[in-house]
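Trainee:
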Amino acid sequence: MRRLILCLLLSGLVCGKAAELSLPLKDKSVRFAVIGDSGTGETPQFEVAQRMVEFHNLFPFDFVLMLGDNIYGSKSPSDFRRKFQEPYEPLLAAGVKFYASLGNHDDTNERMYKPFNMNGRQYYSFRKGNAEFFALDSNYMDPRQVQWLDRQLAASDATWKICFFHHPLYSDGKTHGPSVDLRRQIEPIFLAHGVNLVLSGHEHFYERLKPQKGITYIVLGNSGQLRRHDIRPSQETEKGFDTDRSFLLVEIAGDELYFQAVSRTGQTVDKGVLTAPAGKNLSARGYTVANSPLAAGLQE
Amino acid sequence: MAIRRLTASLMGISLWAAQVSPPASPNIADFGKGVAKYLKVRGNAVSAVPALKATGSPEEILDHERDLAISIRAARPGAAAGDIFTPAIAAEFRRILQAALSTPGADRMKKSMSDSQPSPLPQITVDAAYPAGVPVQSMPPSVLRQLPPLPPELEYRVVGRTLILRDIEANLIVDYLNEALL
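In order, the protein sequence lines correspond to chains U and Y. With my numbering as the guide, the letters of the first sequence map in order to residues 858 to 1157. With my numbering as the guide, the letters of the second sequence map in order to residues -7 to 174.
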């Protein structure tokens, strides 16, 4: 009996909290998860992946966005197995699709790796319901890619225009900080075409910034890596979490986008809802972000 | 199939050449000619290697990269550093890079380009693979705007202070420029 109690206590320590979903699970909603800087192949990546599987049972998301640094270090076939296939095997087996963007630790030819759904392209877009996703290669934002982005965003009539790439335009990270040069090049395009949400990695923590010129920026680079206490909170910080790994769940239902950031141990570290202006393809300005009292100020 | 790939490659060269206009200086025009010459050689080499489609097999990707690199090397025996970055072109590139990295915020760009660089830095060799385990550093967009545009097959990268001209699909160092960054 004593051994059983000890086992239960130990399993609780390892497994953390039971999964608690804060998303509404609305009918016909677009559901996805987000990971960044994940491909270490080390235990925490597997633990985050396991937590994602638990949440997938509650919140059956259809796809996962990858914010770069998908395969760290060497790129042998065994690395692809250890740093991607094995951790996410249950999700892959369940038909969950992964859409990758490239980080500075990735090889460009990962674009040929079918499970990353890049189809040989370094940057690409795809549509899900009323949302369009734009995967960018922030390692190499040359004029050709800038032109492509401008054209694609201009042509999109999606209510939700979501860009994802590796280097954050805004960040309170001590180690890297914002990619100001990149921001100069592409933020005007985001603003001109009503981008709603921007997801980036590179910084090994979770941070949601206050909307910048109407656009919500989330940094998520701790799905495998972690740089503890690397956030230097500023007036722009809305929510930060830099003491453990995490991933993000997102649900889009009409003009509402719900999000929940979950730690490796199952703790909800941030949640809220973004509301788009009525009608489609409107400017991102006028967004409201509702935070739950529970999420506010939680930084462990 | 091979002829179709070769034709597509030659058409790509024409399209790219049309974008590189007008050249800012004779040196940049010469650089464009050097790149076009490489693309022509590459086009023949590529046609000898089966095209790669997206695959779930990392082995296939690596095999294709290796086979393509072997074919390109065989097609340009004697390739050496400075074939494309001739002394005159090298001086022009150094000038462009110095100007691009002297702007406000340049320190942050330089820091970004040196992120996670190994120490000591690896040996860079023409026609060798990009060094394994070395991050493919991000290139600041404002620097890319200043450098002559490249066709989709090639890209600029930086290792240490060296600017590399890299064949993406073959992961091959086509040429490099030492002391490119001050």
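Beta carbons: idealized from backbone N, C-alpha and C, even for Gly.
(1) Would you say U/F1047 lies against chain Y (beta-carbon separation less than 9 Å)?
(2) I need the straight-line Cα distance from Y/D159 to Y/P144, nearest angstrom please.
(3) Distance check for U/L1010 and U/V1052, CA to CA, integer angstroms please.
(4) At what residues does the beta strand (DSSP E) containing U/S1057 begin and finish?
(5) Which chain Y residues are close to U/F937, counting only those with a beta carbon under 8 Å from its beta carbon?
(6) So the candidates are U/R978, U/V921, U/P934, U/S1036; which of them puts its Cα closest to the Cα of U/A951?
(7) Whose C-alpha, out of Y/E52, Y/P96, Y/R86, is nearest the C-alpha of U/D1038?
(8) Which residues in the same chain as Y/H56 place their Cβ atom closer than 6 Å to its Cβ, once the five residues preceding and following it in sequence are excluded?
(9) Can you give the beta carbon distance from U/G1097 to U/E1064, rounded, assuming they're within the 8 Å contact cut?
(10) Note down, in chain order, all residues in the region 965 to 982 of chain U with a beta-carbon under 7 Å from any beta-carbon belonging to chain Y.
(11) Any idea which residues DSSP pairs U/M923 with across the strands?
(12) Determine the extent of the beta strand (DSSP E) in which U/G1097 is found, giving its start and end residues.
(13) Are U/E967 and U/I928 close, meaning C-beta to C-beta below 9 Å?
(14) Find the residues of chain U that neighbour Y/P141, judging by a C-beta separation of less than 8 Å, and give them in chain order.
(15) Pick out whichever of U/E899, U/H1086, U/E1093 has its Cα sitting closest to the Cα of U/D936.
(16) How would you list, in chain order, the residues of chain U whose beta-carbon sits under 9 Å from the beta-carbon of Y/A92?
(17) On the DSSP letters alone, give me the boundaries of the beta strand (DSSP E) that U/I1019 sits inside.
(18) Taking the CB atoms as reference points, tell me whether Y/R86 and Y/A172 lie closer together than 9 Å.
(19) Can you have a look at Y/V33 and say buried or exposed, based on whether 16 or more other CB atoms are within 10 angstroms of its CB?
(20) Taking only runs that begin and end inside the region 17 to 68 of chain Y, name each unbroken beta strand (DSSP E) of 3 or more residues, in chain order.
(21) By how many angstroms is the C-alpha of Y/L93 removed from the C-alpha of U/V905?
(22) Buried or exposed for U/A1015, going by 16 or more other Cβ atoms inside 10 Å?
(23) Does the Cβ-Cβ distance between U/K954 and U/D994 come in under 9 Å?
Mentor: Taking the geometry as given:
(1) No, U/F1047 does not count as interfacial toward chain Y.
(2) Rounded to the nearest whole angstrom, the CA to CA distance from Y/D159 to Y/P144 is 9 Å.
(3) For U/V1052 and U/L1010, the distance between alpha carbons rounds to 8 Å.
(4) 1054 to 1057
(5) P50
(6) U/V921
(7) Y/P96
(8) L44
(9) 5 Å
(10) T965, N966, M969, Y970, K971, P972, N976, G977
(11) U/I892, U/A957
(12) 1094 to 1098
(13) yes
(14) D999, P1000, R1001
(15) When each option's Cα is compared against that of U/D936, the closest is U/E899.
(16) Ordered by position in chain U, no residue passes the 9 Å Cβ test against Y/A92, which lies about 10 Å from the chain.
(17) 1017 to 1022
(18) yes
(19) Exposed is the call here.
(20) DSSP assignment within the region 17 to 68 of chain Y yields no whole beta strand (DSSP E) run of 3 residues or more.
(21) Looking at the two C-alpha atoms, the distance is approximately 40 Å.
(22) With 16 or more Cβ atoms within 10 Å of its Cβ, U/A1015 is classed as buried.
(23) no
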